[in-house]
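Quick note: the sequence shown uses my numbering, first residue 15, plus one each step.
Using N, Cα and C, we set each Cβ at its ideal position, and we do this for glycine too.
Some notes on the structure that comes next.
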Amino acid sequence: MALVLHSRKNEMVKKALIFIVAIGVYLSASAQKTERSSFAVVVDNETYAACKNEIDSYKALLQKEGLFASILSSNWNTPQQVKDALYKLYKTDNLQGAIFIGNIPIVMVRDAQHLTTAFKMDQERNPMFQSSVPSDRFYDDFDLLFNYIKKDSINSLFFYYSLDANSPQKIESDIYTGRLKPTKRGEAGYDQIRKYFKKLIQERSTSNKLDVLCSYTGEGSFSNSLTAWKEEPVILREQFPQAFKTANSAKFYMFYMYPVMKDVIAKELQRPELDLMLFHEHGMPNRQYLTGEPAESENLGESAKLAFRERLRRESGNPAKVKMLKEKYMSTFKIDSTWFNGAFDREIIIKDSLEELRRGIVLEDVTVIKPNARIVLFDACYNGDFREDRYIAGEYIFTDGKTLVTLGNSVNVLQDKSSGDMLGLLGLGFRVGEWARMTHILESHIIGDPTFRFADNKRAQIDFNSTNADYWLKVLSAEKHPDLQSLALHKLFSLNYKEMSSLLTKTYFSSSSYMVRLQCIYLLPFYNDNNFKEVLKSSIYDPYEFIRRKSVYAMGRVGYDEFIPSVVSVYINDYLEERVAFNAVFAFDMLDIPKVKAEFEKQLSQNSAIYDKARAKDQFFKRIESRERLAAGSLNLADKKMKKGERLFSVSFLRNNNYHTPVERYLATLADKSEDSLIRLRLAEALGWYTYSYKKQIIIDSCKKIASEEPDGSALKNELIKTANRLQTYMR
């Protein structure tokens, strides 16, 4: 017996020693001195001359923190000049990031809408300025390849570029960047920059931890779903446990809570201790939409009258159009002309304008509020559109408040996304740019200082730039914070770790963290094996609503028949979860519709919880038949008897609706050399959106074959190559 105990004791000691050695190796690796890191301050000559003292002080601050800063001052005539200077530092001086101060060329990206989350404006029918995406990915992702188109004929700061067909079709930024573009011109703009750096240096002289946060969800976000909204405190507690200490250190608001939330949110923004403010809302460059029309039934009539008045005012210079609209509204809504009273009366116009202003934050409000949140994240459309002279994200950092960094989007952005992936890194002392570099999309931008960070010693223990897979495996196993684990997964993905798909699958099923499991769902689709399919069968029932939502959406985008029972089950049982149920209906027509109908009949007959089955059946068939008509309409693209405009519309419909069954018919049209050239070109682009489809290999092979038969340099050949490369990204 003694020998057995002795043997067990030795085994325990052995395991303990192995663990200690492993942790020691990890800590040793994380503590090693890495090569000197550098940072570029890119500024135009006039701005540097006007703000030299402040910019030099910023450089000194970075040097003190161990980030060697170079001031690159020039009369920058083209974006390529800037990119060449940055790339040289990246290759020779371990460049980590850059800030663009003043009048630095703005790249307007075209032919890369698949790198955005939602932007799908027709590039042919709309002006170039509107249908292009202002993006600094041109500067911070050195692998992306672009072709120069032209300089804007009106604004010399804008340059148009097209994403090359042979470019990588996925964003993986090599450095981080930030914009400091004043919202005023001339001396007033220089004064904004000077004041900004003074308050930045003052704030960075303190040791402030990220332990106070606030989140606001405006009307229309998440489809106003409470089941979606209720998850945010859960994930933010995972990411920022230090902020959940008192009733005031982590606060969550939704537009439901009060008829007009503007004053409430303004007071939150003014709190001197606020570190992080999150906005989930609709936006424009000059406005944040916080609340919509009052929902009380007694106000519905007045709200309708206001809507009519506002619509008529937009046609104030066209009396015939005003008359036509009045007649249309009276006929459609069975109302009389009194509903339009006051549409053009000055007093009513002023009253309506004041009422409208109560529902959102406009540029002029920001200077009055003087926001103090050190970082503000705008999960919204256009709030970060730095094409404009004045824009919300810029206005926030140039006020007298303590806001130093904002994160916003330069065009419209998808609602149905997670804007806080790995956000907890900020609370661990990572620089804003380090976090943003891991999560960038084409339209996302840092406005302000990308090197800003909160106080915490954890960042110093992590070798952020390590390219050693073993190191990141140790981070994954040794670190408990979910966002450090997520960071490790993304680093291993970027390093092409050979066992990545299996690791993601294992991590999904073993992790208790919402955010870690979500990263697994994000990364698994890039692997051409069965792991993603098997995980989806479980993740559709994940406790995190967003994972359930994205899983049912992915099932439709993948298209396997074996997903049908799960999608139908979600539709029948999860009808109170608006976003999840919506995605289930969205998936119906991307699956085999007759099989979906049969499965619904089967599950409905077995369901004892539904009282009125006849009504449920009627609702289901109305919805699926509507989706079925849409799917059938996609076949119009192959019908040469249809009008060209109708066929092109059917082609564009494939971007959001990846119908799998007719893919071979689409490919036959694509290969038909007698087809209209524009139909073929648009179809080649649309098939590039089939990134999850179980038929993507067929599409890749067909695109390559057809491209081989097209002349070099032709638009169709380039689009075919781009589509093949886009889909190949998801075939690891």
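| Check | Outcome |
| --- | --- |
| Does the beta carbon of residue 100 fall short of 7 Å from some heavy atom of the ligand NAD? | Of the ligands one can find in the structure shown there are none, so the ligand NAD has no counterpart to examine. |
| Quick check on DSSP: helix, strand or coil for residue 727? | coil |
| Is the separation between the beta-carbon of residue 739 and that of residue 703 shorter than 8 Å? | no |
| Closer than 8 Å by C-beta to residue 746: which residues in its own chain qualify, once you throw out the five before and the five after it? Chain order, please. | 510, 514, 515, 540, 541 and 542 |
| Whole angstroms is fine: what's the gap from residue 261's alpha carbon to residue 243's? | 19 Å |
| If you count every other CB in all the chains shown that lies within 10 Å of the CB of residue 1, and 16 or more means buried, which is it? | Any question about residue 1 goes unanswered here, given that the chain covers just 15 to 746. |
| Is DSSP giving residue 161 helix, strand or coil here? | strand |
| For the candidate residues 668, 636, 634 and 635, whose alpha-carbon lies nearest to that of residue 650? | 668 |
| Measure the CB-CB distance between residue 230 and residue 267 and report whether it falls below 8 Å. | yes |
| Assign residue 410 to one of three DSSP states: helix, strand, or coil. | helix |
| How big is the Cα-Cα spacing for residue 358 and residue 536? | 52 Å |
| Does the segment 452-467 come into contact with the segment 419-429, if we say contact requires no fewer than three beta-carbon pairs (one atom in each stretch) closer than 8 Å? | yes |
| Any idea if residue 7 is buried or exposed, counting beta-carbon neighbours within 10 angstroms, 16 or more meaning buried? | No information on residue 7 is available, as it lies outside the stretch 15 to 746 that the chain covers here. |
| Just grab the DSSP bridge partners of residue 294 for me. | 231 and 393 |
| Looking only at its chain, what residues have a beta carbon closer than 7 Å to the beta carbon of residue 564, apart from the 5 residues adjacent to it on each side? | 535 |
| Going by Cα to Cα distance, which pick from 551, 713, 442 and 50 is closest to residue 254? | 442 |
| With DSSP collapsed to three states, give me the class of residue 603. | coil |
| From the DSSP output, in three-state form, read off residue 133 for me. | coil |
| Counting only runs that start and end within the segment 47-99, where is the beta strand (DSSP E) found for 3 or more residues in a row? | 51-58 and 81-88 |
| With respect to the beta strand (DSSP E) encompassing residue 248, which residues constitute its N-terminal and C-terminal limits? | That residue, residue 248, is in no beta strand (DSSP E); its alpha helix (DSSP H) goes 246-253. |
| Looking at residue 103 and residue 179, is the spacing between their C-beta atoms short of 8 Å? | no |
| Let me confirm a value: residue 386 is counted as buried when at least 16 other C-beta atoms fall within 10 Å, else exposed. Which label applies? | buried |
| Would you list the residues sitting across from residue 122 in a DSSP beta bridge? | 148 and 174 |
| Compute the distance between the beta-carbons of residue 519 and residue 530, then report whether it is under 8 Å. | no |
| Work out the CA separation of residue 190 and residue 449 for me, nearest whole Å. | 9 Å |
| Smallest Cα separation from residue 123: which of 153, 99, 107 and 101? | 153 |
| Please state whether DSSP places residue 300 in a helix, a strand or coil. | coil |
| Taking DSSP as the reference, what is the three-state secondary structure of residue 695? | helix |
| Find the nearest neighbour of residue 721 within the set 737, 389, 369 and 706, judged by alpha-carbon distance. | 737 |
| Start and end of the beta strand (DSSP E) containing residue 388? | Here residue 388 belongs to no beta strand (DSSP E), and DSSP marks it neither H nor E. |
| Considering just the uninterrupted stretch of the alpha helix (DSSP H) at residue 587, what are its terminal residues? | 578-587 |
| Pairs of beta-carbons, one from the segment 165-177 and one from the segment 470-478, closer than 8 Å: are there three or more? | no |
| Report the CB separation of residue 662 from residue 440 in whole angstroms; it is logged as a contact under 8 Å. | That pair is no contact at about 44 Å. |
| Considering only DSSP beta bridges, list what residue 112 is partnered with. | 54 and 191 |
| Span of the beta strand (DSSP E) holding residue 264? | 264-268 |
| If we ignore side chains and look at the alpha-carbon of each, how far apart do residue 598 and residue 288 end up? | 39 Å |
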